[in-house]
Amino acid sequence: PDGKATGANVEILRAILEPLGIKQIETPITDFGSLVPGLAAGRFDLIGAGLFINPNRCKVIAFSNPVTRSGGAFIVKTGNPLNLHSLKDVASNAKVRLATQPGSNQVQEAKDSGIANGNVVLFDKDTEALAALQAGRVDVVYFPDAEVISLIKKANSPDIERALPFEQIPDASGKPGWNYHAYGLPKNDPAFEQAFNEQLAKLRASGELLKILQKYGYTENELADPAITAAQRCNP
Numbered sequence: 407p408d409g410k411a412t413g414a415n416v417e418i419l420r421a422i423l424e425p426l427g428i429k430q431i432e433t434p435i436t437d438f439g440s441l442v443p444g445l446a447a448g449r450f451d452l453i454g455a456g457l458f459i460n461p462n463r464c465k466v467i468a469f470s471n472p473v474t475r476s477g478g479a480f481i482v483k484t485g486n487p488l489n490l491h492s493l494k495d496v497a498s499n500a501k502v503r504l505a506t507q508p509g510s511n512q513v514q515e516a517k518d519s520g521i522a523n524g525n526v527v528l529f530d531k532d533t534e535a536l537a538a539l540q541a542g543r544v545d546v547v548y549f550p551d552a553e554v555i556s557l558i559k560k561a562n563s564p565d566i567e568r569a570l571p572f573e574q575i576p577d578a579s580g581k582p583g584w585n586y587h588a589y590g591l592p593k594n595d596p597a598f599e600q601a602f603n604e605q606l607a608k609l610r611a612s613g614e615l616l617k618i619l620q621k622y623g624y625t626e627n628e629l630a631d632p633a634i635t636a637a638q639r640c641n642p
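Under our numbering, the final residue of the sequence shown carries the number 642; numbering is consecutive throughout.
What follows is the structure, encoded as structure tokens:
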């Protein structure tokens, strides 16, 4: 409202930079697609949006160690009456109808997990999928976790909840297939990168990182495993 960027990413960034003596953060709003080229060209000093760490981006910019992770998540009726905690659970019950959006990764993931096409119900809007769950036309809604957090917050309804725990679909190596979010840092400043990562580790160890995230509806489930580093994600 006052022209300042807000949100979990910015608040965490301030908490990391202030101990390093950086009190003033300017946040020019820019298109998502120009973030990485802009940082690489020196048009700004770092990327404050949570970017997925991927090897292609690692070629042109550096990344902090992961801050949060994201995957898929389920919304179910309160009490999770069908006990759904994974796509496998849905696939093993021929009566369960799963709602998601057309063209999303979730459609392919449902298919790969063995859920019959006839049991996947597609809605153009996530709010329509949620309404179908509340009306009993579907049994579970499957979206990326950030979308699930936001939908549940907006709906503010006692009838629905997030299904926890939730088993992520495995990646090629058989481990849970999380995406890891981090801050984009300049490629040519290893000292800053190290100082940034040290402050991030302190913020995490003190519990402050989780506290900030919880203010925005995140849970411990979204915290990245501290053993996972940017270097590992850049060279999988």
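Note that CB positions come from ideal geometry on N, CA and C, so glycine has one too.
Please classify residue i: is it buried, with 16 or more other beta-carbons within 10 angstroms of its beta-carbon, or exposed?
i, result
"asparagine 415", "buried"
"glycine 664", "Absent from the structure is residue 664, since the part of the chain shown begins at 407 and ends at 642."
"proline 472", "buried"
"isoleucine 375", "One cannot answer for residue 375 here, as it falls past the ends of the chain, which runs 407 to 642."
"glutamate 628", "buried"
"glycine 454", "buried"
"arginine 475", "buried"
"alanine 578", "exposed"
"alanine 522", "exposed"
"glutamate 599", "buried"
"glutamate 614", "exposed"
"arginine 449", "exposed"
"alanine 630", "buried"
"phenylalanine 480", "buried"
Ends of the alpha helix (DSSP H) at residue i?
i, result
"valine 554", "551-561"
"valine 442", "441-446"
"alanine 651", "What is shown of the chain runs 407 to 642, which leaves residue 651 out entirely."
"asparagine 415", "414-423"
"alanine 578", "No alpha helix (DSSP H) holds alanine 578; DSSP gives it neither H nor E."
"threonine 506", "Premise fails: threonine 506 lies in the beta strand (DSSP E), 504-506, not in any alpha helix (DSSP H)."
"alanine 497", "493-497"
"leucine 539", "532-540"
"asparagine 603", "596-611"
"aspartate 518", "511-518"
"glutamine 430", "Segment: none, glutamine 430 is in no alpha helix (DSSP H) and carries neither H nor E."
"asparagine 462", "461-464"
Could you tell me the alpha carbon to alpha carbon distance between residue i and residue j, rounded to whole angstroms?
i, j, result
"isoleucine 459", "asparagine 499", "35 Å"
"alanine 447", "lysine 593", "10 Å"
"glycine 409", "glutamate 432", "Here glycine 409 scores only 47 on pLDDT, less than 50, and its place in the model should not be relied on; the value that follows carries that caveat. So the alpha carbons of these two residues sit roughly 10 Å apart."
"glutamine 574", "asparagine 511", "13 Å"
"aspartate 551", "aspartate 532", "12 Å"
"proline 632", "alanine 607", "8 Å"
"tryptophan 584", "valine 442", "21 Å"
"proline 407", "tyrosine 589", "Confidence at proline 407 is low in this model, with a pLDDT of 37, below 50, so the placement of that residue should be treated as unreliable; the coordinate-derived value is given next. Cα to Cα, the separation comes out at about 24 Å."
"arginine 639", "threonine 506", "28 Å"
"phenylalanine 469", "arginine 543", "43 Å"
"tyrosine 622", "asparagine 603", "22 Å"
"proline 425", "leucine 591", "17 Å"
"tyrosine 586", "serine 612", "21 Å"
"alanine 601", "leucine 457", "19 Å"
"glycine 444", "proline 461", "18 Å"
"glutamate 567", "alanine 636", "32 Å"
"leucine 570", "leucine 490", "9 Å"
"proline 596", "isoleucine 467", "12 Å"
Going by alpha carbons, who is nearest to residue i out of the options?
i, options, result
"threonine 641", "Lys465, Ala421, Leu457, Ala538", "Note on identity: in this sequence residue 641 is asparagine, with threonine being the wrong assignment. The shortest C-alpha separation from asparagine 641 is found at Lys465."
"leucine 528", "Gly485, Val482, Tyr589, Tyr548", "Tyr548"
"lysine 581", "Gln605, Ile634, Ala611", "Ile634"
"alanine 535", "Lys617, Asp451, Ile558", "Ile558"
"lysine 501", "Asp518, Gly524, His491", "Gly524"
"alanine 538", "Lys483, Phe572, Leu570", "Lys483"
"threonine 625", "Phe598, Phe572, Asp595", "Phe572"
"alanine 516", "Val546, Arg568, Glu614, Ala637", "Val546"
"leucine 493", "Ser519, Val513, Ala421", "Ser519"
"proline 564", "Leu570, Gln540, Arg503", "Gln540"
How far does the beta strand (DSSP E) with residue i in it extend, from its first residue to its last?
i, result
"leucine 615", "Note, leucine 615: premise wrong, no beta strand (DSSP E); alpha helix (DSSP H) at 614-621."
"arginine 568", "566-568"
"leucine 457", "453-458"
"alanine 588", "585-591"
Among all the DSSP beta bridges, which residues are the ones paired with residue i?
i, result
"valine 527", "Ala505"
"threonine 474", "His587, Leu629"
"proline 582", "Pro576"
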